[in-house]
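Okay, so the sequence shown: first residue is 1 according to the UniProt record's numbering, each after it adds one.
Down below is the structure, laid out as C-alpha cells.
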Amino acid sequence: MSASRMKRPDIQTLRALAISAVLAFHLRPDLFPLGYLGVDVFFVISGYLMAMMLHRVEKLTAKEVFGFYWRRISRIIPLYAVVICAVVIVARFILAPIDYARLAVDTRWSLAFAANSQQFIDSTDYWTEVNESPILLHMWSLGAEVQYYLIVPLLALLQRYFKRHNQEFEYLGFMAFGAPGSFLSFSLSSTNAAFLFMPNRIWQFSVGSIAYAIFRAQDEEHGDGKGSIEFSRCHVIFLHVTARIKSIVFIVLLCICCAPFQVSICLPVQDFEMLKWRFVCLQVVPVFLFRVFVNLGNASYSLYLVHWPVITLYKYACDMKILDFAGVSFCLLTSVCISIFAYRFIELNLASASRIMIVIAVTSLYAVIFVVTSFELSAHLT
C-alpha cells in the first residue's frame, strides 16, 4: 500500500489547514498575523501520531525503538537534506557574500536540527526576523520536533509501566500534569524561549498524545458494546451530533488561523481556546474527501520546507520587504509546484528506498552542503 493511501484523510485535512495558515502568515504577516498557529497544529498532530505509532508496538524493545527512530529519520531527513542542498546552491547565485556567509552558519545548525537552539542562543527575535527573511528561519520547528522525538520512547515506556499495573488513568493524569507544567513554563518564559525552546512546546505534543489515549480508550469501550441495541442507537445519535459540531469547529479554527487581524484577548485565554479546538479537531474534524485537501496535506511537509526559501530569495532578488500581489502569486505558485514535484518524485521515492540507499543519499547531500558552504564560512570566520 502506498504511503499516501495509508495516511488518514482527517489528519491530512488538519495538515492542509496548518500549512495554509503558515503560508498565509509568511506571505503576508501583516494581513494574517495568527497564521503562525499553524505550526502549533503541526506539533499537536505530531504528538497524536507518535502516540499512535508507539501504541502499535506490542513490546518496546531496543530493536523497536531503533525502528521508530529509523522511520522518523527516513521520513524527515532525506527531503530535508535535498531542500537545504538546493537552497545553498541556488542562493550562491543570488546572495551577497556576507549574506551567504550567514546562510552557511545557519545551514550548519539546521543540518544538526538545532536551528531553534541557534536562534535561542543568538537571541533571535522571530517576529523581527520574519520581515528580515533569513532563508532557513523556518527550520526551528523541525529542530523542536526532532528534539521531542528523543524523549518519545521514554514516555511510551512510562505509559506501558502504568498499563501493566492497571493504572493507565494515572498515566493520563501524569501527562495532564506535565502538559500544564510545560504550558506554565511557556507562559512565563521570555518571548524567544517560549517560541523556540522545545520543553516549552511539550504541552502541545502532549495534547496530541492525550487525545489519542482518550479516543483509543473510547473506541475500545465502544467495541465491547457492539452487541447492545441501545448502545448502537446512542452511538448513531452521537455521530449525528458530532457531525454537526465538527464542521463548526473546523471552520472556527480555520478562521482563527487565517484571520486578517490580531485577536484582542489575553494570551492564556487565546491559548486555551486554541488548545480546546486542536484537541477536538484531532478526532472529530470532518473527513473531507475532496482531493485538493488530502493532496495538500500529503505534500504539507514538502511545502513547509520549500515555501520559505522561495519567499525569502524572491524578496532578496527583488529588494522588497512586503510582497505585492504579483509577488504573493509568484511565490505561492512556485512553492506549490516545487512541493508537488518534491513530494511525488523525491519524498515518496526516498520513503520506499532501502536503508543503504537512504544512508548514501543523505551522506552525499550533507557532504555537498558542507563543501558548497565551506568557502564563505571560512572567509567569514577569518
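Backbone N, C-alpha and C define an ideal beta-carbon position, used for all residues, glycine too.
Going by DSSP, what residue range makes up the alpha helix (DSSP H) through residue i?
i, result
"Ser46", "Leu37 to His55"
"Phe66", "Ala62 to Ala91"
"Pro309", "Ser300 to Cys318"
"Ala21", "Pro9 to Leu27"
"Tyr148", "Trp140 to Tyr149"
"Arg102", "Pro97 to Leu111"
"Phe325", "Phe325 to Ala342"
"residue 452", "The displayed coordinates of the chain run from 1 to 382. Any statement about residue 452 would go beyond what the structure contains."
"Phe195", "Thr191 to Leu196"
"Ile322", "Ile322 -> no alpha helix (DSSP H), and no H or E assigned at all."
"Ala353", "Taken as a continuous stretch (DSSP letters only), Ala353 belongs to no alpha helix (DSSP H), as it is neither H nor E."
"Phe120", "Ala115 to Ile121"
Look at the alpha carbon of residue i and the alpha carbon of residue j, and state the distance between them as a whole number of angstroms.
i, j, result
"Phe32", "Val328", "13 Å"
"Glu347", "Arg75", "8 Å"
"Arg8", "Leu365", "31 Å"
"Trp277", "Asp40", "Low confidence applies to Trp277: its pLDDT is 48, below 50, so where it sits in the model is not reliable, and the reading given next is rough at best. Their backbone Cα atoms lie some 12 Å apart in a straight line."
"Leu137", "Tyr316", "14 Å"
"Ala86", "Leu49", "29 Å"
"Thr61", "Phe215", "26 Å"
"Ile77", "Gly38", "21 Å"
"Val207", "Leu157", "18 Å"
"Arg355", "Thr334", "31 Å"
"Gly35", "Ala24", "6 Å"
"Val280", "His26", "Any reading at Val280 must be qualified, since the residue scores a pLDDT of 48, below 50, and its modelled position is unreliable; no value is offered."
"Ala353", "Arg71", "12 Å"
"Lys59", "Lys321", "53 Å"
"Gly67", "Pro97", "42 Å"
"Val88", "Ala342", "17 Å"
"Asp10", "Gly47", "15 Å"
"Tyr148", "Leu296", "25 Å"
"Leu79", "Trp308", "15 Å"
"Arg291", "Gln118", "38 Å"
"Ala104", "Arg160", "43 Å"
"Thr13", "Val294", "6 Å"
"Ile45", "Met139", "18 Å"
"Leu282", "Ile210", "The predicted position of Leu282 is uncertain, since its pLDDT is 46 and thus under 50; a value taken from the coordinates is nonetheless stated next. Distance between the alpha carbons of Leu282 and Ile210: 11 Å."
"Ser339", "Thr107", "20 Å"
"Ile94", "Arg102", "13 Å"
"Ala114", "Val146", "9 Å"
"Gln270", "Trp203", "Because the pLDDT of Gln270 is 45, which lies under 50, any placement of that residue in the model is unreliable, and the question is left without a value."
"Thr363", "Leu150", "21 Å"
"Thr373", "Ala112", "15 Å"
With residue i and residue j assumed to form a contact (beta carbons below 8 Å), what rounded beta-carbon distance in angstroms separates them?
i, j, result
"residue 385", "Cys337", "Within the shown structure, residues of the chain are numbered from 1 to 382, placing residue 385 beyond reach of any answer."
"Asn298", "Met198", "The pair is not a contact, with the Cβ atoms about 26 Å apart (cut-off 8 Å)."
"Ile135", "Leu313", "7 Å"
"Phe120", "Asn192", "6 Å"
"Val22", "Pro153", "Val22 to Pro153, Cβ: 28 Å. No contact."
"Phe42", "Ala18", "5 Å"
"Glu376", "Tyr100", "5 Å"
"Tyr212", "Ala91", "Not confirmed; about 40 Å, so no contact."
Meets three-Cβ-pair contact criterion under 8 Å: the region 354 to 371 and the region 310 to 330: no
Inter-stretch contact (C-beta, 8 Å, three-pair minimum) for the region 369 to 376 and the region 79 to 93: yes
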